[in-house]
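Which chain is which? The protein sequence lines are A and B, in order. Per the working numbering, residue 1 is the first one in the first sequence, and the count goes up by one each step. Per the working numbering, residue 1 is the first one in the second sequence, and the count goes up by one each step. For each residue, glycine too, the CB sits at the ideal point set by N, CA and C.
There are 2 protein chains.
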Amino acid sequence: MEHDKDDALKLENQLCFPLYAAARKIVGAYTPYLKPLGLTYTQYILFLVLWERDGLLVSEICERLMLDSGTVTPLLKKLEAKGYLRRERSESDERCVRVVLTDEGRAMKERAGDIPAKMCSCMALSPEQAKQLYELLYMILKG
Amino acid sequence: MEHDKDDALKLENQLCFPLYAAARKIVGAYTPYLKPLGLTYTQYILFLVLWERDGLLVSEICERLMLDSGTVTPLLKKLEAKGYLRRERSESDERCVRVVLTDEGRAMKERAGDIPAKMCSCMALSPEQAKQLYELLYMILKG
DNA sequence: ACAAATTAAATTGTTTACAATTTAATTTTA
DNA sequence: TAAAATTAAATTGTAAACAATTTAATTTGT
C-alpha cells in the first residue's frame, strides 16, 4: 500500500474518531446528573425539545433531534408510561401523533434547570473555544 | 424558572447536541463505503487500530478506541468468526488476550484504502476547519 | 371517484454502548 | 505463604440507533 493511503488509515489521522469518542464522552458526562432524575441522555434532549415547545408532532421531534421514528417512538412510549407525557392522535390527520407534556413532565424542567451550568463547568473548553466548536459542528450538520 | 436557566435548557444552546448529532451523521456517512466491505463503523475503527499495530491486547484496543471490554469483546468475536482475526490467550499472563490479524484481515486494508479520501471529500469543512475541529475535539478527549 | 403514490408512525431485526457483575489469573500484603 | 486485593476479559441486562418493512391515513393524478 502507498505511504499516503497507509497514513490516511491511521486512527490519529481520522476526524471521525475524535468526533465519535468526544460525543460518547460528553453524553456519558451527563449520566451523574441525569441518573438522579431517572433520565437517560436521549430522554433529556427529548425533554429539552418539549419544554421549548409543547404539543409537537412525532415527526417534528424527529426532525429537531435528527433521529428517526424507530428511535423516538420507543422513547416516547417509555416516557408516557412514566407519566411525563401523553401521545394524542391528531383529529385532523389520523396519521399524526401529537406529544403533550403532563404536569409531571413540566415539573421535570425545574429539576433539570441546573444541569447545563454543571455540564459547562466540567468541560475543558473556554467559552470562545466552545463557540468555535459549536459553529464547526453545525457546519457539519448543515453541510 | 429564571430566564437564564430557561435559555440554558434550549436545544440550540447546547454544545452536547451538535456533537452527538454530528458524530451520528459522520458515522452514518461511512455506511455506503463500509457496507460493500461487510463492515460497520465500529468494526472499521477496530481494523484501523489493528492495521496500525498487530497483536495488541484487548485492553490496549479498548484504550485506543476508548471503549470498554463489554463493547470490544463481542466485536472481536464477530470478526474472529468471519475469519479476519484470531484471539490468543497470552502464555505469560493467562488473563490477557492478544488479537492477531489473519491474511484476510490484512487483505481488508487494501479494500479500505480509499475510504479516508472519499470521506474527506464528502465533508463540508475546509482543511483548516477540519484541523481546528480536530484540535478542539482532542481537547475534550484529553481534558 | 378511485387507483396509485405518498406520508406518518410504528414495528422488526441487527449492532452498538455501557453499567454492573462474574470468572479466572496474578500480585500484594499481612 | 495464604488470604485479600487487583487485574483482564467476558457476561448480563438495559437502552439507544438505524435500516428496512409494515400499517393506516391522506393526497395526487387521471
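{"Query": "Residue-chain proximity (V100 (chain A), chain B), Cβ-Cβ < 8 Å", "Result": "no"}
{"Query": "Contact list for A107 (chain B) against chain A, beta-carbon separation under 9 Å", "Result": "Those do not exist, as A107 (chain B) stays about 11 Å from chain A at its closest Cβ, beyond 9 Å."}
{"Query": "Residues of the region 39-53 of chain A with Cβ closer than 8 Å to any Cβ of chain B, in chain order", "Result": "Y41, I45, L48, V49, W51 and E52"}
{"Query": "Local conformation of G48 (chain A) per DSSP, three classes", "Result": "For clarity, residue 48 (chain A) is Leu in the given sequence; the question names Gly instead. L48 (chain A) falls in the helix class under three-state DSSP."}
{"Query": "First through last residue of the alpha helix (DSSP H) which encompasses R106 (chain B)", "Result": "D103 to A112"}
{"Query": "Sufficient close CB pairs (3 or more, under 8 Å) joining the region 40-51 of chain A to the region 59-77 of chain A", "Result": "yes"}
{"Query": "Minimum Cβ-Cβ distance from Y148 (chain A) to chain B less than 8 Å", "Result": "Nothing can be reported for residue 148 (chain A): it is not among the residues displayed for chain A, which extend from 1 to 143."}
{"Query": "Cβ-based neighbour list, Y30 (chain B), same chain, cut-off 8 Å, excluding 5 preceding and 5 following", "Result": "Y41, Y44, I115 and M119"}
{"Query": "Cα-Cα separation between Y80 (chain A) and D7 (chain A), rounded to whole angstroms", "Result": "According to the sequence shown, residue 80 (chain A) is Glu rather than Tyr. Between E80 (chain A) and D7 (chain A), the C-alpha separation is close to 49 Å."}
{"Query": "Residues near D54 (chain B) by beta carbon distance below 7 Å, same chain, minus five either side", "Result": "V100 and L101"}
{"Query": "Exposed unless 16 or more other CB atoms sit within 10 angstroms - verdict on R64 (chain B)", "Result": "buried"}
{"Query": "Below-8 Å beta-carbon distance, P36 (chain A) vs any chain B residue", "Result": "no"}
{"Query": "Bridge-paired residues (DSSP) for T88 (chain A)", "Result": "Residue 88 (chain A) is actually Glu in this sequence, not Thr. Answer is A:R98, bridged to E88 (chain A)."}
{"Query": "Buried versus exposed call for G105 (chain A) [16 or more other C-beta atoms within 10 Å across all chains shown]", "Result": "buried"}
{"Query": "Cβ-based contacts, 7 Å cut-off: residues of the region 77-104 of chain B near chain A", "Result": "none"}
{"Query": "Among A:P74, A:S90 and A:C122, nearest to P32 (chain A) - alpha-carbon criterion", "Result": "A:C122"}
{"Query": "Sub-8 Å separation of A22 (chain A) and I26 (chain B) beta-carbons", "Result": "no"}
{"Query": "Backbone secondary structure at L57 (chain B) - three-state DSSP", "Result": "strand"}
{"Query": "K109 (chain A) beta carbon less than 8 Å from that of L9 (chain B)", "Result": "yes"}
{"Query": "Residue from A:K131, A:Y138, A:G143 and A:G113 whose Cα sits closest to the Cα of L37 (chain A)", "Result": "A:G113"}
{"Query": "Reference L76 (chain B), options B:D103, B:E128, B:Y134 and B:R98, closest by Cα", "Result": "B:R98"}
{"Query": "Contact with chain B by R111 (chain A), beta-carbon distance below 8 Å", "Result": "no"}
{"Query": "Chain B contact for V27 (chain A) (CB, 8 Å cutoff)", "Result": "yes"}
{"Query": "Three-state secondary structure (DSSP) of L137 (chain B)", "Result": "helix"}
{"Query": "Three-state secondary structure assigned by DSSP to Q132 (chain A)", "Result": "helix"}
{"Query": "For A29 (chain B), three-class secondary structure by DSSP", "Result": "helix"}
{"Query": "Of the residues A:E88, A:P74 and A:A124, the one placed nearest L56 (chain A), counting alpha carbons only", "Result": "A:E88"}
{"Query": "C122 (chain B) in three-state terms, based on DSSP", "Result": "coil"}
{"Query": "F17 (chain A) versus Y138 (chain B) - alpha carbon distance", "Result": "10 Å"}
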